[in-house]
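Shown next, in structure tokens, is the structure this report addresses.
In structure tokens:
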């Protein structure tokens, strides 16, 4: 084996391993796949197959082979950061949806009731997990994973393997994404909060008009009823809004890479 052949094999190994690192870090934090309910072997296998599929399509023209362990470790760390940043942007949408469900539960009195989230293996509120699974079904229904794979492949075009990127600029974009998550969460919960507020106003008027009526006892079932009816009535519009969020998610993933 000549020195040129040896360098070629080292080049192929390093570039493929770095691609695999970015893809694995992304899938480790991606919606649904990043949860504890998905076995690690499935995540690793899917990451490997995805890396094998996209590797021949990538351009490594500017890649410089790392000839020592320290330089290669730095490249691995950089790819892990990129993959986690992509997964973070994806998860922000679903965390916003969970936030909306938690806000709703506090309004109707479900704040003290929680169920186990099988994905994260943590306790979450009832409406948070309900909206999360509705969003997940909508995500699968609109071919959301095609958006993820496209954005993942596009990330290699924006930030090639081994290329330098500004971590400060990326952290600024991720901070804005976090702020957007809170905004989206309250946007989703606003219609439900409005209906609960209206029910509370009606109860207040009833308490003034008919003091003998036990408004306090009526408030709990009425708030729950109004809240659930509002959720069911707005479910089609909510799913349509989820579709828009998933399209925006793909754009946000590409934007994060433009640093």
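In my numbering, the protein residues as written are 7 to 265.
Beta carbons are placed, not taken as given, at the ideal position from N, Cα and C, and that holds for glycine.
Cβ-Cβ distances below 7 Å link residue 144 to 245, 248 and 249 in the same chain, with the five nearest sequence neighbours on each side left out; the list follows chain order. In the three-state DSSP reduction, residue 169 falls in the coil class, being neither helix nor strand.
In the DSSP annotation of this structure, the continuous segment of the alpha helix (DSSP H) that includes residue 96 starts and ends at 75-114. With a 10 Å radius around the Cβ and a threshold of 16 neighbouring Cβ atoms, residue 57 comes out buried.
With a beta-carbon spacing of about 18 Å, residue 90 and residue 168 fall beyond the 8 Å limit used to define contacts. Per DSSP, the continuous alpha helix (DSSP H) segment holding residue 158 begins and ends at 150-164. Residue environment: residue 163 is assigned as exposed (fewer than 16 neighbouring CB atoms within 10 Å of its CB, all protein chains considered). For residue 226, the CB contacts under 8 Å within the same chain, skipping 5 residues up- and downstream, are 115 in chain order. Secondary structure of residue 50 (DSSP, three-state): helix. In the structure shown, residue 64 falls within a coil segment according to DSSP collapsed to helix, strand and coil.
Apart from sequence neighbours up to five positions away, the residues of its chain that approach residue 61 with a beta-carbon distance below 8 Å are 21, 22 and 25, ordered along the chain. Taking 8 Å as the upper bound for CB-CB distance, residue 54 and residue 92 are not in contact here, some 18 Å apart. Nearest C-alpha to residue 132 among 150, 155 and 105: 105.
Linking residue 217 to residue 211 through their CA atoms gives a straight-line distance of about 10 Å.
Contact between residue 187 and residue 243 does not hold, since their C-beta atoms are separated by about 20 Å, which reaches or exceeds 8 Å. The shortest C-alpha to C-alpha distance from residue 208 to any of 198, 194 and 224 is the one to 224. Residue 192 sits away from residue 99, with the two beta carbons spaced by 9 Å or more. Residue state for residue 213 is assigned as helix, using DSSP reduced to three classes. For residue 36, the number of other beta carbons within 10 angstroms of its own is at least 16, and it is reported as buried. Residue 138 sits buried, since 16 or more C-beta atoms from the chains shown fall within 10 Å of its C-beta. A residue is called buried when at least 16 other Cβ atoms come within 10 angstroms of its Cβ; residue 198 meets this threshold and is buried.
Only residues of its own chain outside the window of five on either side were considered, and among them 157, 160, 161 and 164 have a CB closer than 8 Å to the CB of residue 260, listed in chain order. The beta carbon of residue 110 sits closer than 6 Å to the beta carbons of 133, 195 and 198 from its chain, once the five residues preceding and following it are set aside; these are given in chain order.
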